[in-house]
Structures are given as C-alpha cells and as structure tokens.
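Trainee: First the structure, which I've put down as structure tokens, then a few questions once you've had a look.
Residue numbers (the working numbering): 9 to 468.
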C-alpha cells in the first residue's frame with residue numbers, strides 16, 4: 009500500500025506488532041462456537057498473577073473501565089473483545105468468567121505491558137547424521153521500540169542468541185527469516201554488523217532523488233562462521249535488505265523460494281491531527297516516502313531477492329508479492345555504492361550438490377507435486393453435476409490427499425535440542441513448554457531446514 013489510513017486502534021495494533029509489546033492482561037483469547045475462551049497465560053502477567061484466571065475459562069462479559077457498563081461478549085469477534093480487554097497501562101479491566109464447573113466469577117485486573125514472545129528471535133541447536141552441531145535462529149520480525157531507545161530490539165536479541173550458540177560450539181548458523189514481513193531499517197543494519205565488519209548495507213533514495221547510504225559501523229562481528237539465510241515469498245522489506253546484503257557481499261548462502269516478496273519501499277506515519285489543529289486522535293496516514301536499494305544498486309521492488317539455492321514451496325505457485333498489486337511502483341536500479349565482496353570459493357559447488365540432492369529427494373518432489381496439484385484445483389472453473397462423475401472425482405481427490413499425507417510423517421533426520429536456559433524454563437511455564445514442543449515437531453518435518461543443514465555442512 010502506498011497510501012493507507014490507519015484508525016487510532018489500527019495504529020495501536022500496528023505499534024504492538026512492531027514492538028512486540030501490548031498493554032493488557034497477558035492471556036490468549038480464542039473462539040469456539042460463538043463463545044470466547046481464555047487460552048495460554050503469560051507467566052508474570054496480570055491474568056496469571058490473579059490466580060483466578062485459568063486456561064479454558066469462558067468469557068461472558070468485559071468491563072473495560074470502572075465507569076463503563078460490562079459488555080456481553082458472547083457472539084463477539086475475538087478482535088473486538090481483545091480491544092475491550094486491552095487499554096492503557098495501570099487501568100482496570102474486569103472479566104466475567106464461567107468456570108468449567110459452571111460457576112461464574114468477576115476478576116478485576118490492572119493492565120500491564122506484556123511482551124509477545126512470538127515476535128522475538130529464538131534459537132535452537134541441532135545435530136546432523138554426522139554428529140555435527142549447528143544452530144538455528146528464528147527471526148519473525150525486525151522489531152524495535154521507536155519511542156524507547158533502550159527498549160527491546162531485534163539486533164540485540166539476535167546477538168544474544170548468537171552468543172548462546174557460540175557457547176554450544178556450533179559449526180554454523182542458519183538464520184530463518186521465512187514469513188518475516190520486515191520492520192526497522194536500523195535493526196537490519198545492526199544485524200548485518202553481527203556477521204561482518206563495517207561497510208554499507210543499504211541505499212535509500214528520497215522522492216527528490218537524493219541517495220543516502222546506511223553503514224554498518226562495527227568492526228567486531230559476533231559470528232564470522234558459516235551462515236545460511238532461509239527465506240520464502242513472504243520474506244519482505246527489511247528481510248530483503250538483509251538477504252540482499254548477504255548475497256551482494258557473499259557473506260553467506262541464501263536458501264529458499266526462487267525470490268522474496270518484492271517490497272522495496274519505505275513508509276512513514278503522519279498523524280492527521282497535525283493538519284486539523286486538534287488534540288483529538290483522528291488516526292494516521294501511512295505514506296510511502298522512499299525506495300531502498302541493495303549495495304549493488306539493484307532494487308528489491310517487485311523482483312525481490314533471488315535465492316542462491318532455490319527450493320519451491322506452496323507459496324511459489326500462488327500470486328504472492330508486490331508485483332501482483334495494482335499501481336505497484338516499478339523496479340529500477342541506481343549506481344552501486346563502494347563495497348568489498350568477501351571471498352566465497354565453493355558457492356557453485358554448493359549449488360550443484362544441492363540440486364542433485366533435491367532431484368533425488370522423494371519427499372521434496374512429493375511436496376512439489378502436492379503444491380502443483382493444489383494450484384490446479386484453484387484454477388478449476390467447473391465441476392461435474394452428474395452424481396456418478398462427481399463421486400468418481402471426489403474419490404480420486406481423496407486418493408491424492410492420502411498420497412500427500414505422507415509428508416506429515418516426514419522426519420528430516422536432524423536432532424533438535426533446546427538451549428540450557430530454555431530447558432530450565434520448561435517445568436515452570438506450561439505455555440512455553442507446549443510452544444517449544446510444537447516448534448521442534450515442525451522443525452523435524454521441515455524439508456527446507458533439512459536442505460539448509462546439508463548446505464551449511466558443506467560450507468568452507
């Protein structure tokens with residue numbers, strides 16, 4: 009979007025997603041058959057501290073502040089109820105809950121700032137079939153708190169995770185930025201500084217054509233060993249700056265989708281009350297004010313960043329990316345800035361070996377077949393009305409689905425283990441334990457992590 013209106017609530021939600029923090033009670037909310045239920049609780053947050061809120065409680069009413077009437081939330085959308093529960097730090101909210109035994113209770117809580125852990129970097133170690141140990145860092149967002157310079161940010165989190173992995177004596181690191189839609193430009197530059205010495209990271213061009221180069225100024229990188237970046241079609245904006253810089257410098261290998269999302273523009277928010285001379289909040293306009301370019305001069309707009317080692321996925325067969333948007337700004341390029349690529353002697357060998365493995369990987373080929381079949385179903389414009397033909401078609405599809413169910417049982421052969429600090433947390437935090445268990449199960453079934461592990465084991 010190049011011009012977009014954000015209501016006050018929309019802007020609040022955006023800021024919460026960007027910073028990874030919300031002000032509320034620290035409980036997930038889910039919906040089932042028209043009722044809202046309390047989900048996992050954040051340890052130390054108001055809901056947990058109340059000792060009266062339990063996962064599985066049914067939410068009947070929400071009283072957002074002492075002066076308001078309680079609002080019946082039965083049949084209400086989750087987002088609407090969440091907006092009643094959230095509010096300013098230090099204010100009161102009362103939830104009327106129905107317990108599993110049918111009794112009801114009113115629980116008064118004082119809203120606090122709560123971190124959304126799913127927004128932040130996390131790491132894990134794994135060993136391959138040779139017994140070699142590696143690390144993987146998942147980075148969902150380039151988060152930052154613009155109104156708090158000392159607040160939590162992605163670069164500090166990634167540095168901390170790298171330090172943990174170094175203590176585990178890992179041979180290489182995979183940085184997973186799949187589905188990472190972007191975030192702070194400053195954080196990208198700082199994260200690049202964790203992997204290499206000082207130098208330009210990205211170029212930014214204003215509407216008047218002036219170009220600014222953002223530099224990584226560190227000479228003390230945290231990790232200088234083998235590095236793989238894992239991306240997909242939903243890796244966008246700041247993610248593309250990082251993968252583009254990694255490719256241009258030859259600092260690591262980019263593995264994943266044929267190319268990333270293709271968002272090469274920079275946005276800023278402009279409060280509308282600035283123009284209306286009012287203290288009331290009329291929302292914000294999100295304006296596109298700049299384009300960014302790789303150090304090589306190439307834009308990421310529309311075309312994204314190509315992977316060194318290409319692995320198609322389900323998104324590859326869908327129309328995903330800025331190039332499918334109406335009125336998207338065009339791709340272009342500017343003069344490269346001065347930079348010194350690193351020596352990367354065996355990239356061609358890595359690519360050739362990976363291609364051989366993927367062509368022989370039955371599970372990867374089955375995944376491609378499944379994605380292509382699903383895409384063909386999306387393109388179907390007619391279906392037989394004759395009962396016999398319809399039943400035959402459904403039987404055929406059922407067989408196809410059964411064939412692809414084998415992918416759910418796939419095991420990539422890698423052995424994953426949480427780091428000591430996370431292991432110590434498991435007995436105290438059931439929600440964290442469950443999330444960690446699910447994450448490791450997903451990683452065990454991940455073909456793309458498997459190939460990234462193969463690639464990094466061959467890197468010199």
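By construction, the Cβ of each residue, glycine as well, lies at the ideal position given by its N, Cα and C atoms.
Between residue 143 and residue 103, how many whole angstroms is the CB-CB distance? I'm expecting something under 8 Å.
Mentor: In fact, because the Cβ distance is near 41 Å, the residues do not count as touching under 8 Å.
Trainee: Residue 14 and residue 387 look like a contact to me (Cβ under 8 Å); what is the Cβ gap, rounded to whole Å?
Mentor: Actually they are not in contact, since the Cβ atoms of residue 14 and residue 387 sit about 35 Å apart, beyond 8 Å.
Trainee: From this set, 291, 236, 385, 79, which residue's C-alpha is nearest residue 20's C-alpha?
Mentor: Closest option to residue 20, Cα to Cα, is 291.
Trainee: Per DSSP, which one or two residues make a beta bridge with residue 505?
Mentor: Since the first and last residues shown for the chain are 9 and 468, residue 505 lies out of range.
Trainee: Mapping DSSP to helix, strand and coil, what is residue 444?
Mentor: Three-state DSSP puts residue 444 in a helix.
Trainee: How big is the Cα-Cα spacing for residue 66 and residue 32?
Mentor: Their backbone Cα atoms lie some 18 Å apart in a straight line.
Trainee: Using the rule of at least 16 other Cβ atoms within 10 Å of the residue's Cβ for burial, across every protein chain shown, is residue 332 buried or exposed?
Mentor: Label assigned to residue 332: exposed.
Trainee: In this structure, what does DSSP give as the bridge partners for residue 131?
Mentor: Answer is 145.
Trainee: What are the start and end residues of each continuous beta strand (DSSP E) run of 3 or more residues lying completely inside the stretch 213-277, in chain order?
Mentor: The stretch 213-277 contains these whole beta strand (DSSP E) runs: 219-224, 235-239, 261-264.
Trainee: For the alpha helix (DSSP H) containing residue 402, list its first residue and its last residue.
Mentor: Looking at the DSSP string, the run of the alpha helix (DSSP H) that includes residue 402 is 395-412.
Trainee: Opposite residue 105 in the DSSP bridges: which residues?
Mentor: 67, 113, per the DSSP bridge assignment.
Trainee: Helix, strand or coil for residue 469, going by three-state DSSP, please let me know.
Mentor: Residue 469 falls outside the range modelled here, since the chain spans only 9 to 468, and no answer is possible.
Trainee: Can you tell me which of 243, 110, 123, 90 puts its alpha carbon nearest to the alpha carbon of residue 191?
Mentor: The residue with the shortest Cα to Cα distance from residue 191 is 243.
Trainee: Near residue 169, what residues of its chain come up, given a Cβ to Cβ distance below 6 Å and the 5 sequence neighbours on each side ignored?
Mentor: Closer than 6 Å at the Cβ level, and outside the excluded window around residue 169, lie 129, 131, 145.
Trainee: When the Cβ atoms of the stretch 391-407 are set against those of the stretch 120-129, are three or more pairs found closer than 8 Å?
Mentor: Output reads no: the stretch 120-129 does not touch the stretch 391-407.
Trainee: Going by DSSP, what residue range makes up the beta strand (DSSP E) through residue 337?
Mentor: Looking at the DSSP string, residue 337 is not in any beta strand (DSSP E), and its letter there is neither H nor E.
Trainee: Where do the N-terminal and C-terminal ends of the alpha helix (DSSP H) with residue 181 fall, by residue?
Mentor: It is not in any alpha helix (DSSP H) - residue 181 instead sits in the beta strand (DSSP E) that spans 181-184.
Trainee: Distance, Cα to Cα, residue 285 vs residue 163?
Mentor: The alpha-carbon atoms of residue 285 and residue 163 are separated by roughly 38 Å.
Trainee: Which same chain residues end up closer than 7 Å to residue 463 when comparing Cβ atoms and leaving out the 5 residues on each side of it in sequence?
Mentor: Result list for residue 463: 236, 261, 263, 317, 358, 362, in chain order.
Trainee: Could you tell me the distance, in whole angstroms, from the CA atom of residue 107 to the CA atom of residue 44?
Mentor: Computed Cα separation, rounded: 12 Å.
Trainee: Is the Cβ-Cβ distance between residue 161 and residue 153 less than 8 Å?
Mentor: The answer is yes: Cβ separation under 8 Å.
Trainee: Cβ atoms of residue 307 and residue 329: under 8 Å apart, would you say?
Mentor: No; because the gap between Cβ atoms is not below 8 Å, this pair is not in contact.
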